[in-house]
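The block underneath contains the structure these notes are about, expressed in structure tokens.
There are 2 protein chains.
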Amino acid sequence: MTDRTPHVRIDVEVLDANITAMQSFCDNRGIALRPHVKTHKSLVIARRQLDAGAHGLTVATLGEAEVFAAVAREYGVSILVAYPALVDADRLRALTQRVDVIVGADSEHSFDAIAGSGAAISIEIDTGLRRSGVAVDRLDALVRAAHARDIPVEGVFSFPGHGYSAGSGAADAARDEAVASAAARDVLHAGGVTDPVLSGGCTPTAAHTDATVVTELRPGVYALMDAQQRALGVARDEDLALTVRSSVVSTAVRGSYVLDAGAKLLGLDSPAYVEGHGWIPSRPGDVVARLWEHHAVVTPVPGSPLPSVGDRIDVVPNHVCATVNLVDELHTSDGGVWPVDARGRNT
Amino acid sequence: MTDRTPHVRIDVEVLDANITAMQSFCDNRGIALRPHVKTHKSLVIARRQLDAGAHGLTVATLGEAEVFAAVAREYGVSILVAYPALVDADRLRALTQRVDVIVGADSEHSFDAIAGSGAAISIEIDTGLRRSGVAVDRLDALVRAAHARDIPVEGVFSFPGHGYSAGSGAADAARDEAVASAAARDVLHAGGVTDPVLSGGCTPTAAHTDATVVTELRPGVYALMDAQQRALGVARDEDLALTVRSSVVSTAVRGSYVLDAGAKLLGLDSPAYVEGHGWIPSRPGDVVARLWEHHAVVTPVPGSPLPSVGDRIDVVPNHVCATVNLVDELHTSDGGVWPVDARGRNT
Chain E
2 MTDRTPHVRI DVEVLDANIT AMQSFCDNRG IALRPHVKTH KSLVIARRQL
52 DAGAHGLTVA TLGEAEVFAA VAREYGVSIL VAYPALVDAD RLRALTQRVD
102 VIVGADSEHS FDAIAGSGAA ISIEIDTGLR RSGVAVDRLD ALVRAAHARD
152 IPVEGVFSFP GHGYSAGSGA ADAARDEAVA SAAARDVLHA GGVTDPVLSG
202 GCTPTAAHTD ATVVTELRPG VYALMDAQQR ALGVARDEDL ALTVRSSVVS
252 TAVRGSYVLD AGAKLLGLDS PAYVEGHGWI PSRPGDVVAR LWEHHAVVTP
302 VPGSPLPSVG DRIDVVPNHV CATVNLVDEL HTSDGGVWPV DARGRNT
Chain U
2 MTDRTPHVRI DVEVLDANIT AMQSFCDNRG IALRPHVKTH KSLVIARRQL
52 DAGAHGLTVA TLGEAEVFAA VAREYGVSIL VAYPALVDAD RLRALTQRVD
102 VIVGADSEHS FDAIAGSGAA ISIEIDTGLR RSGVAVDRLD ALVRAAHARD
152 IPVEGVFSFP GHGYSAGSGA ADAARDEAVA SAAARDVLHA GGVTDPVLSG
202 GCTPTAAHTD ATVVTELRPG VYALMDAQQR ALGVARDEDL ALTVRSSVVS
252 TAVRGSYVLD AGAKLLGLDS PAYVEGHGWI PSRPGDVVAR LWEHHAVVTP
302 VPGSPLPSVG DRIDVVPNHV CATVNLVDEL HTSDGGVWPV DARGRNT
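Top to bottom, those sequences are chains E and U. Sequential numbering of the first sequence, starting at 2, is according to the numbering used here. Sequential numbering of the second sequence, starting at 2, is according to the numbering used here.
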């Protein structure tokens, strides 16, 4: 374990408990689990998810698929690029020779490149986030266009990201997704896709999934969790597997202390439902109030003793995916170092 | 030049013009320029700054200093770690054997490790940002403590980051800095530091520097510029040297289009004085309204034609330092590829 700060630490027991819990949830409901590995970008963690029973992997880019291809093939599972990816035919063909690939699409743009590659497609539908994905009433045209080029259509996928909100947001988003996915199922059946995969979900909505409709879940954050999930009530304190170990570098300005974590490790995700730029388990009322690249200025609970320069303080970042992408290594509670194998595979 | 998106592009002519302009500004006023290289993390760009006349380099971490040590030594200049760094004696000694180093400090925490290493210190003073740095009335005690351990005191440094604001913020912050630096100079003189370096500045405040007080400037962003500097009026459109080349990946949701740049390249810096998460020179009224890791959802000017899936669109990020730290390579306008040599050197 390095003693230089800031660095990222993973509690392996908590990680494994999170992996087991989500797998059990899916198994008990008859839903297939295809974890999104952009969260951790780690071959070691992907193996643990596959060992627990995951039936495939989800990635965001072809570059991530290339990194995870060997492990997916070893376990005999496919990789879904859950993104309306612009695809280069040669690159895709090289990938499909290594592993089974399903490419996301919400337009016909890349159909010519996908045709003949051996890849199937999953069509993205918008279930309420209003980001990408077609409305269900435009699904049929894409299915026909794919079939006209002999591209296998595996089904549809959606990201109910509007479930990242306080109150009943997650339940509402899961219901939106179930309604749209059921309508998509009818379109797919009519279009000759007899047993479609209806893929959805994210960590906040997972518990609300309608298992009578959705056949596959793609959460990512659940394996590590973060301060966003804690604020949403999705993660308990004991579920937080990743922390940024930082040092107090300054107490010179009265009424605050400064950590060396900064935006370069904590990231700047700052949704309205989270107070501050991360959560400090050992000083739970302190607020990470201001963030620069190398400075996190923390406002302590009024009247509480200030830490001293040199003290170590662990911070749970707001958005774990962003933090992992900012480091090359994950330091584990059992003294190991796991590389972030797919860091920076943006394309 | 890669044709995969998203990737980062640098216009070399614009870069060189920016480097020349800041160097000329400093030369004309008799101020030494010590550019902050955390902005670009690139040995190639540091060489261009040194070729233009920079008299030293600024870094944020010892890890960055290690990356830039050889080039600094080659040019016969020193490296300032402009941060209240916690220092390991062995590591610092290894560094000072390679290059002249000045370590920032705002407490005595690391004085024992610095003593005997061959490094000098610069004491951080707070000139109004209220982040780190001592108030000037506590400077004398630190100077005495350093001298008691035979640590050379080079002077003081400050970061007038409160100049990142609309209106007269930059001029006001530069004035705050000059007042505090002048007071610090008196303390340093009284403490036996006869010819102190008074180091300050950042890109927005640089033009307002009081050259009768401040002896050294440490701007970083000026070399590449970004949408924040444009919004502040510090950068003209023709000064923007770095863009994120992205592709339209979806137009499925009415009234918007989606780029593949996302927070993974654009970063999430979003000060109140900037509209949206980046600026699109070819579609200057469009707003990068919502950002996920791999999706930038853009709201076009009402009535303007939507781009098509597959179209290439360049985006100027809000904060260039964050963007550079998210990639391994910078693609240049003359067909080159420059490595981001110090990416991820967080400690």
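Glycine residues also receive a C-beta, built at the ideal position from the N, C-alpha and C atoms.
Figure out for me which residue from U:G286, U:F26, U:S43 and U:V144 has the closest Cα to the Cα of U:P303.
Your numbering for residue 303 of chain U matches position 302 in the second sequence. Out of U:G286, U:F26, U:S43 and U:V144, U:G286 has the C-alpha closest to the C-alpha of U:P303.
Neighbourhood of U:A66 by C-beta distance below 8 Å, restricted to the same chain and skipping five residues each side
Position 65 of the second sequence holds residue 66 of chain U. Same-chain partners within the cutoff: V60, I80, V82, L96, V100 and V102.
Cβ-Cβ distance between U:H209 and U:D261 below 8 Å:
Start at 1 with the first residue of the second sequence, and residue 209 of chain U comes out as number 208. Start at 1 with the first residue of the second sequence, and residue 261 of chain U comes out as number 260. No. Outside cutoff.
Going by Cα to Cα distance, which pick from U:P197, U:L87 and U:L130 is closest to U:I115?
Start at 1 with the first residue of the second sequence, and residue 115 of chain U comes out as number 114. If we check each option's Cα against that of U:I115, U:L87 comes out closest.
Chain-ordered chain U contacts of E:S159 [CB-CB under 8 Å]
Within the first sequence, residue 159 of chain E is the residue found at index 158, counting from 1. Result: empty, since nearest Cβ-Cβ is about 12 Å, beyond 8 Å.
Rounded to a whole number of angstroms, what is the C-alpha to C-alpha distance between E:I20 and E:Q50?
Position 19 of the first sequence, counted from the first residue, corresponds to residue 20 of chain E. Position 49 of the first sequence, counted from the first residue, corresponds to residue 50 of chain E. Answer to the nearest angstrom: the Cα atoms are 6 Å apart.
Distance cutoff 8 Å, beta carbons only. Does U:V198 sit that close to anything in chain E?
On the second sequence, position 197 is the one that residue 198 of chain U refers to. No, its Cβ sits nowhere closer than 8 Å to a Cβ of chain E.
Is there at least one non-hydrogen atom of the ligand FMN closer than 7 Å to the beta-carbon of U:V45?
The ligand FMN is absent from the structure shown, which contains no ligands of any kind.
Within the 8 Å Cβ cut-off, does U:H332 reach chain E?
For the purposes of this step, residue 332 of chain U is taken as residue 331 along the second sequence, with counting starting at 1. No, U:H332 does not count as interfacial toward chain E.
Could you pull out every residue in the same chain whose Cβ sits closer than 6 Å to the Cβ of E:G334, ignoring the five residues on either side in sequence?
Locating residue 334 of chain E in the first sequence gives position 333, counting from the first residue. Just to set this straight, residue 334 of chain E is Ser in the shown sequence, not Gly. Hits under 6 Å: D12 and V13.
Could you name the residues of the region 104-132 of chain E whose beta carbon sits closer than 7 Å to any beta carbon of chain U, in the order they occur along the chain?
D107, S108, H110, D127, R131 and R132
In chain E, which residues lie less than 7 Å from U:C322 when you measure between Cβ atoms?
Translated into the one-based positions of the second sequence, residue 322 of chain U becomes position 321. Correct list: E294.
State yes or no: is the C-beta of E:P197 within less than 8 Å of the C-beta of E:E178?
The sequence position of residue 197 of chain E within the first sequence is 196, counting from 1. The sequence position of residue 178 of chain E within the first sequence is 177, counting from 1. Cβ distance not < 8 Å, so E:P197 and E:E178 don't count as in contact.
Check whether the Cβ atoms of E:R10 and E:R246 sit closer than 8 Å, and answer yes or no.
Start at 1 with the first residue of the first sequence, and residue 10 of chain E comes out as number 9. Start at 1 with the first residue of the first sequence, and residue 246 of chain E comes out as number 245. Yes, the pair counts as a contact, with Cβ atoms nearer than the cut-off.
Any chain C beta carbon closer than 8 Å to U:Y84
Here chain C cannot be found, since the structure's protein chains are E and U.
Option nearest U:S133 by Cα separation, candidates U:S108, U:S271 and U:A120:
Here residue 133 of chain U corresponds to residue number 132 of the second sequence, with the count starting at 1. When only C-alpha atoms are compared, the closest one is U:S108.
Measure the CB-CB distance between E:A181 and E:V154 and report whether it falls below 8 Å.
Residue mapping note: residue 181 of chain E aligns to position 180 of the first sequence, counting from 1. Residue mapping note: residue 154 of chain E aligns to position 153 of the first sequence, counting from 1. It is not a contact, given that the beta carbons lie outside the stated cut-off.
With a threshold of 16 other CB atoms inside 10 Å of the CB of E:V215, please say whether the residue is buried or exposed.
By one-based count along the first sequence, residue 215 of chain E stands at place 214. Buried.
Is the beta carbon of U:T252 sitting closer than 8 Å to the one on U:S200?
Numbered from 1 along the second sequence, position 251 holds the residue referred to as residue 252 of chain U. Numbered from 1 along the second sequence, position 199 holds the residue referred to as residue 200 of chain U. In this structure, U:S200 does not lie closer than 8 Å to U:T252 by Cβ.
On the premise that U:A174 lies in contact with U:G234, defined as a C-beta separation below 8 Å, what is that separation, rounded to the nearest angstrom?
Against the second sequence, residue 234 of chain U aligns to sequence position 233. Against the second sequence, residue 174 of chain U aligns to sequence position 173. Contact flag wrong, Cβ pair sits at about 14 Å.
Would you say U:G345 faces chain E, with C-beta separation under 8 Å as the test?
As a first step, residue 345 of chain U is located in the second sequence; it is residue number 344 there, counting from the start. U:G345 counts as touching chain E.
Are the Cβ atoms of U:V188 and U:D141 separated by less than 8 Å?
Mapped onto the second sequence, residue 188 of chain U falls at position 187. Mapped onto the second sequence, residue 141 of chain U falls at position 140. Yes, the Cβ-Cβ distance between U:V188 and U:D141 is below 8 Å.
Where does U:R186 sit, in a helix, a strand or coil, going by DSSP?
Along the second sequence, read from residue 1 onward, the residue named residue 186 of chain U stands at position 185. Note: U:R186 maps to helix in three-state DSSP.
Is it buried or exposed for U:E276, if we count other Cβ within 10 angstroms and need 16 for buried?
As a position in the second sequence, residue 276 of chain U is number 275, starting the count at 1. Result: exposed.
Any beta strand (DSSP E) of 3 or more consecutive residues that is wholly inside the region 32-89 of chain U:
57-60 and 79-82
Quick check: is the beta carbon of U:A185 nearer than 8 Å to any beta carbon in chain E?
Working through the second sequence from its first residue, we reach residue 185 of chain U at position 184. By this cut-off, U:A185 is not an interface position.
Look at the alpha carbon of U:M2 and the alpha carbon of U:H332, and state the distance between them as a whole number of angstroms.
The residue you call residue 2 of chain U lines up with position 1 of the second sequence. The residue you call residue 332 of chain U lines up with position 331 of the second sequence. The pLDDT assigned to U:M2 is 46, lower than 50, so where the model puts this residue is not dependable; a value taken from the coordinates is nonetheless given after this. If I take the Cα positions, the gap works out to 6 Å.
Using beta-carbon positions only, say whether U:T244 and U:D315 come within less than 8 Å of one another.
Position 243 of the second sequence, counted from the first residue, corresponds to residue 244 of chain U. Position 314 of the second sequence, counted from the first residue, corresponds to residue 315 of chain U. Contact: yes.
Against chain E, which members of the region 10-43 of chain U pass a CB distance test of less than 9 Å?
K39
Counting only runs of 3+ residues fully inside the region 279-335 of chain U, write out the beta strand (DSSP E) ranges in chain order.
288-292, 297-300, 313-316 and 330-333
Roughly how many whole angstroms lie between the Cα atoms of U:G57 and E:L307?
Position 56 of the second sequence, counted from the first residue, corresponds to residue 57 of chain U. Position 306 of the first sequence, counted from the first residue, corresponds to residue 307 of chain E. So the alpha carbons of these two residues sit roughly 36 Å apart.
Measuring alpha carbon to alpha carbon, tell me which of U:M226, U:V289 and U:A290 ends up nearest U:V325.
Reading the second sequence from its first residue, position 324 is the one you call residue 325 of chain U. Among U:M226, U:V289 and U:A290, the Cα nearest to that of U:V325 is on U:M226.
According to DSSP, which residues form a beta bridge with U:G105?
For the purposes of this step, residue 105 of chain U is taken as residue 104 along the second sequence, with counting starting at 1. Note: U:G105 sits in a beta bridge opposite U:S123.
What does DSSP give as the partner residue(s) for U:I152 in the beta ladder?
The residue you call residue 152 of chain U lines up with position 151 of the second sequence. DSSP output for U:I152 lists no bridge partner at all.
Can you give me the C-alpha to C-alpha distance between E:R283 and E:Q229, rounded to a whole angstrom?
Position 282 of the first sequence, counted from the start, is the residue given in the question as residue 283 of chain E. Position 228 of the first sequence, counted from the start, is the residue given in the question as residue 229 of chain E. Going by the sequence as given, residue 283 of chain E is Ser instead of Arg. Rounded to whole angstroms, E:S283 to E:Q229 spans 18 Å at the Cα level.
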